[in-house]
Amino acid sequence: MSRIISILLLFVLLISCEKDGPIPSSYPAKTLQDYYDLNVSGDVSIDVWIHAGNHPSFTNRVADDPVLIRFFRPEEASNITLFINDSIKFPDSLALYRQSNQEFETEAGGLFGTFRLSYPKSNHARLVRIGMKQNDSILISDPITIRPNEFSTNTKNASNVSVETTADGRASFEWNGSFDGAGNNLVMLTNSGGSRFCAVETTDGSFLFHNLRNVATDFTPDLYDPRLKEGQSYTLEIFMTDNAGWMRNYRSVDFKMDSTTIQSFD
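In the numbering used here, the protein residues as written are 48 to 313.
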């Protein structure tokens with residue numbers, strides 16, 4: 048009798064132990080490897096434009112987060128997540144990138160997103176990568192090294208900025224930085240209403256508005272023959288970024304469209 052009871056109990060136990068179901072798509076990814084494993088259902092590509100810097104102008108005075116990480120937001124991008132790796136010796140190990148709870152802000156009408164970070168307490172460099180979904184694809188950025196607060200690597204001011212405009216609304220922008228290495232320069236223009244209407248990336252130390260011949264990336268391709276308007280005010284921003292994705296120099300200058308003079312900013 049006891050044997051029959053034991054068999055019945057074993058049978059009840061077996062039927063009550065169902066296999067785990069599939070992990071739901073909303074299951075939180077704890078590392079970049081988890082993010083990859085949980086979301087991949089199509090193509091995976093290293094295709095997220097990203098750079099970072101720590102210029103004083105980037106500091107969020109409320110949270111005191113001086114490191115700015117900017118990324119380009121493609122259309123239909125979702126599940127955008129920042130991952131941090133404290134071990135810079137292993138930049139390609141997805142399992143070492145832990146998920147951050149940081150939320151990003153949008154700028155330029157949603158064209159870009161920005162994360163803000165504080166300096167690491169250990170004062171050692173860290174690596175960051177961004178992951179996002181676009182339709183059925185996974186996009187991951189190259190690793191970017193987040194520098195500690197050190198004078199030699201802090202983002203410095205770009206200098207000798209000049210603005211020369213023409214009567215037909217064209218403009219020539221030139222600038223100098225603190226390093227001579229190859230890199231990419233993000234140039235952005237904002238009008239007096241606060242709308243950032245032009246964003247391009249060039250390897251040159253100048254930009255002729257709006258000539259795309261020497262532009263590596265055009266983030267505002269919908270612009271058609273844009274012109275500046277005489278007498279109106281604009282803001283020019285220049286982000287000089289090295290090939291490792293770190294902003295070496297930054298400058299923001301306000302100017303008024305005046306085709307009769309060359310405006311210089313030391």
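Glycine residues also receive a C-beta, built at the ideal position from the N, C-alpha and C atoms.
Helix, strand or coil at residue i according to DSSP, with G and I counted as helix
{"i": "residue 112", "result": "strand"}
{"i": "residue 181", "result": "strand"}
{"i": "residue 240", "result": "coil"}
{"i": "residue 82", "result": "helix"}
{"i": "residue 225", "result": "coil"}
{"i": "residue 156", "result": "helix"}
{"i": "residue 165", "result": "coil"}
{"i": "residue 246", "result": "strand"}
{"i": "residue 209", "result": "strand"}
{"i": "residue 194", "result": "coil"}
{"i": "residue 232", "result": "strand"}
{"i": "residue 173", "result": "strand"}
Residue i to residue j span [Cα, whole Å]
{"i": "residue 244", "j": "residue 84", "result": "38 Å"}
{"i": "residue 189", "j": "residue 138", "result": "9 Å"}
{"i": "residue 307", "j": "residue 218", "result": "12 Å"}
{"i": "residue 300", "j": "residue 131", "result": "33 Å"}
{"i": "residue 163", "j": "residue 242", "result": "22 Å"}
{"i": "residue 156", "j": "residue 184", "result": "24 Å"}
{"i": "residue 149", "j": "residue 175", "result": "12 Å"}
{"i": "residue 192", "j": "residue 105", "result": "17 Å"}
{"i": "residue 263", "j": "residue 82", "result": "30 Å"}
{"i": "residue 182", "j": "residue 86", "result": "11 Å"}
{"i": "residue 90", "j": "residue 79", "result": "16 Å"}
{"i": "residue 290", "j": "residue 205", "result": "17 Å"}
{"i": "residue 268", "j": "residue 222", "result": "24 Å"}
{"i": "residue 226", "j": "residue 153", "result": "29 Å"}
{"i": "residue 129", "j": "residue 234", "result": "24 Å"}
{"i": "residue 286", "j": "residue 292", "result": "11 Å"}
{"i": "residue 296", "j": "residue 142", "result": "32 Å"}
{"i": "residue 214", "j": "residue 100", "result": "36 Å"}
{"i": "residue 147", "j": "residue 208", "result": "37 Å"}
{"i": "residue 167", "j": "residue 88", "result": "34 Å"}
{"i": "residue 151", "j": "residue 279", "result": "32 Å"}
{"i": "residue 23", "j": "residue 93", "result": "Any question about residue 23 goes unanswered here, given that the chain covers just 48 to 313."}
{"i": "residue 240", "j": "residue 311", "result": "23 Å"}
Residues of its chain near residue i, where Cβ-Cβ distance is below 7 Å and the 5 sequence neighbours each way are ignored
{"i": "residue 265", "result": "247 and 259"}
{"i": "residue 133", "result": "173"}
Cβ neighbours of residue i in the same chain (closer than 8 Å, five flanking residues each side left out)
{"i": "residue 275", "result": "212, 216, 217, 218, 256, 281 and 304"}
{"i": "residue 271", "result": "none"}
{"i": "residue 315", "result": "No answer is possible for residue 315: the residues shown for the chain start at 48 and end at 313."}
{"i": "residue 252", "result": "221, 222, 223, 224 and 232"}
Close beta carbons around residue i, own chain, < 6 Å, minus the five adjacent residues each side
{"i": "residue 125", "result": "180"}
{"i": "residue 200", "result": "194"}
{"i": "residue 202", "result": "100, 101, 102, 294 and 297"}
{"i": "residue 277", "result": "304"}
{"i": "residue 261", "result": "249 and 251"}
Contact belief for residue i with residue j at Cβ below 8 Å, rounded distance in angstroms
{"i": "residue 220", "j": "residue 283", "result": "6 Å"}
{"i": "residue 177", "j": "residue 127", "result": "7 Å"}
{"i": "residue 230", "j": "residue 161", "result": "Rounded, the Cβ-Cβ distance is 20 Å, inconsistent with contact."}
{"i": "residue 117", "j": "residue 158", "result": "Contact doesn't hold; Cβ gap of about 10 Å is too wide."}
**Study point:** Completely contained beta strand (DSSP E) runs for the segment 248-312, where each covers 3 or more residues
**Key:** 253-256, 262-265, 280-289, 294-303 and 309-312
Check your understanding: Fully enclosed by the segment 90-145, which beta strand (DSSP E) runs are 3 residues long or longer?
Key -> 91-95, 97-100, 114-119 and 124-132
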